[in-house]
Every structure is written in C-alpha cells, then in structure tokens.
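Student: Residue numbers (the working numbering): 225 to 306.
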C-alpha cells in the first residue's frame, strides 16, 4: 500500500468515527487550548487529560476549562496525578 496506513485509506462510517472519538482523552502541550484540539472537541472528541505543565494558576485553569467546555459542553476533563 505504498506506506499509507489503514487509517488513511479505510472508509469509516462517520457515526463510528464520532463514537470512537468520544472515547479519547488526549493530552496536549501548553497552557491554552490548541486550535487542533478545539476543532477535535467540536467534532465530538470525548475530552482532554490535563497534566501539571498545562496548569500555572487557578485563573489560567478556569480560562482553559472554559475554552474546553465552549468547544464541547459534554467534554470530560481528566487530571493526571502522580
């Protein structure tokens, strides 16, 4: 298949794709919601997992979670704790 992955070439039912996305909670770099993640949340991504490097203050955390919920009101916001 000339290096193309199955995910790149497979035809997946849009409802199935949305159902799969709803189970994912990716992390990200930075303290603000990246555009790529905002788009995925709007498309049905289940939520995000926040790590220590995503949080610098209570006010910043509130702004970040407000942005997450604005993109997907049903999003799950998980926190990694070690």
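Glycine is no exception: its CB is placed at the ideal position from the N, C-alpha and C atoms.
How about residue 268 and residue 245: are their beta carbons less than 7 Å apart?
Tutor: For residue 268 and residue 245, yes; Cβs fall inside 7 Å.
Student: Which of the three DSSP states, helix, strand or coil, is assigned to residue 269?
Tutor: Reduced to three states, the DSSP call for residue 269 is coil.
Student: The beta strand (DSSP E) that contains residue 292, what's its start and end?
Tutor: Here residue 292 belongs to no beta strand (DSSP E); instead the alpha helix (DSSP H) covers 282-295.
Student: Between the C-alpha atoms of residue 243 and residue 236, what's the straight-line distance to the nearest angstrom?
Tutor: Taking the straight line from one Cα to the other gives about 11 Å.
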